[in-house]
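Trainee: I am attaching a structure below and will ask some questions about it afterwards.
Numbering (the UniProt record's numbering), first residue to last: 1 to 307.
See below:
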């Protein structure tokens, strides 16, 4: 390919096709007609000597060649975007920038509260907008920069291969039950655990979780009596009922636990892991580099206070 003869706008076309997997969707995102987008795709196919995208199940799916050049395409566009906007324009003390973070009730309390306190102390004009992470990782919104960052547990969903991620916190699960529970007390046996009625915390309405996968390996199952989307409600529900819940140990610290007993699970469970996830197109965004660094600092402070 001769870059001098290559229309550089076609990189934007290629990126739009990656994001939308649709000719009409890509055309809309770039304010082009569908015929113009089809013509641009034809030019890309000629330039790369490859179909690049093929229609399958109603989508335009990338070929192997398209997948191979995708990371380089996105990195190149990110660098050009940084150059166009100025690498050194971000200043936490003077910027009016808004950051959009998708989070659950728990990750909001764990990370956003201290982040807002820090910004208040700085007298910063930075604005933090938190949206409810009530569905799977919003890949499209991350790639289009409508969402800057996602805070989520690794067991809740599989991360797409094209997303950047970094672990912030990991830890053990604990079982919580009210004191004077009719079944659960002191050292928790597997039989007592299975005899009890459970709360499943399920942000998106799934009727089983990672714990149930571990029980299935043992040929066991539990009685799920309630399914709720909010982790922060689970301990409160437990303290006022005969239901029990298996939750990240850190979540228990956020409650008044006077009426709650905390027990080790009666089976081996992998540690929970809490990640921040973002799109690699914005790896070099100075504002997001700052934000991710602040969240890392908050994570370290949380773990230090917990140890």
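For glycine and all other residues, C-beta sits at the position ideal for the given N, C-alpha and C.
Pick out whichever of 283, 197 and 220 has its Cα sitting closest to the Cα of residue 226.
Mentor: Cα-wise, what sits closest to residue 226 is 197.
Trainee: Quick one, are the C-beta atoms of residue 273 and residue 153 less than 8 Å apart?
Mentor: The answer is yes: Cβ separation under 8 Å.
Trainee: With a 10 Å radius around its C-beta and 16 neighbouring C-beta atoms as the bar for buried, classify residue 314 as buried or exposed.
Mentor: The chain is shown from 1 up to 307; residue 314 falls before or after that span and cannot be answered.
Trainee: For residue 284, which three-state DSSP category applies?
Mentor: Correct three-state label for residue 284: coil.
Trainee: Please report the distance separating the alpha-carbon of residue 287 from that of residue 249.
Mentor: Using only the alpha carbons, I get a separation of about 31 Å.
Trainee: Expressed to the nearest angstrom, what Euclidean distance is found between the alpha-carbon atoms of residue 260 and residue 243?
Mentor: Between residue 260 and residue 243, the C-alpha separation is close to 11 Å.
Trainee: Going by DSSP, which residues form a beta bridge with residue 113?
Mentor: DSSP output for residue 113 lists no bridge partner at all.
Trainee: Count the other CB atoms, across all protein chains shown, that sit within 10 Å of the CB of residue 122; report buried if there are 16 or more and exposed otherwise.
Mentor: Answer is exposed; the Cβ neighbour count stays below 16.
Trainee: Buried or exposed: residue 27, going by 16 or more other Cβ atoms within 10 Å of its Cβ?
Mentor: Flag for residue 27 reads buried.
Trainee: Return yes when the Cβ of residue 278 is within less than 8 Å of the Cβ of residue 148, no when it is not.
Mentor: Their beta carbons are under 8 Å apart, which means residue 148 touches residue 278 by this criterion.
Trainee: How would you write the range of the alpha helix (DSSP H) that residue 278 sits in, first residue to last?
Mentor: It is not in any alpha helix (DSSP H) - residue 278 instead sits in the beta strand (DSSP E) that spans 272-278.
Trainee: What first and last residue would you give for the alpha helix (DSSP H) that runs through residue 172?
Mentor: First-last for residue 172: undefined, no H or E at that position.
Trainee: When you compare only the Cα positions, how much space is there between residue 266 and residue 177?
Mentor: Rounded to whole angstroms, residue 266 to residue 177 spans 14 Å at the Cα level.
Trainee: Are the beta-carbon atoms belonging to residue 77 and residue 281 less than 8 Å from one another?
Mentor: Result yes, Cβ atoms of residue 77 and residue 281 sit closer than 8 Å.
Trainee: Can you tell which of 145, 204 and 11 has its C-alpha closest to the C-alpha of residue 69?
Mentor: Among 145, 204 and 11, the Cα nearest to that of residue 69 is on 11.
Trainee: Give every residue of the same chain whose Cβ lies closer than 8 Å to the Cβ of residue 199, excluding the five residues on either side of it in the sequence, and list them in chain order.
Mentor: Counting only Cβ-Cβ distances below 8 Å, and skipping sequence neighbours, we find 224, 225, 226, 227, 228, 234, 237, 238, 243, 244 and 245.
Trainee: Please return the same chain residues whose Cβ sits closer than 6 Å to the Cβ of residue 142, not counting the five positions on each side in sequence.
Mentor: So the qualifying residues of the chain are 279.
Trainee: Using DSSP's beta-bridge definition, name the partner residues of residue 217.
Mentor: Residue 217 is not bridged to any residue.
Trainee: Do residue 14 and residue 61 have their C-beta atoms within less than 8 Å of each other?
Mentor: No.
Trainee: Express the C-alpha separation of residue 212 and residue 194 in angstroms, rounding to a whole number.
Mentor: Each residue's alpha carbon lies about 11 Å from the other.
Trainee: Based on the DSSP secondary-structure assignment, which residues constitute the bridge partners of residue 101?
Mentor: Answer by DSSP bridge pairing, in chain order: 130 and 149.
Trainee: Which partner residues of residue 165 appear in the DSSP bridge assignment?
Mentor: DSSP, once it has assigned bridges, lists 277 as partnering residue 165.
Trainee: Could you tell me which of 168, 184 and 16 sits nearest to residue 144, measuring between CA atoms?
Mentor: When only C-alpha atoms are compared, the closest one is 16.
Trainee: Beta-carbon separation of residue 188 and residue 263 under 8 Å?
Mentor: Contact: yes.
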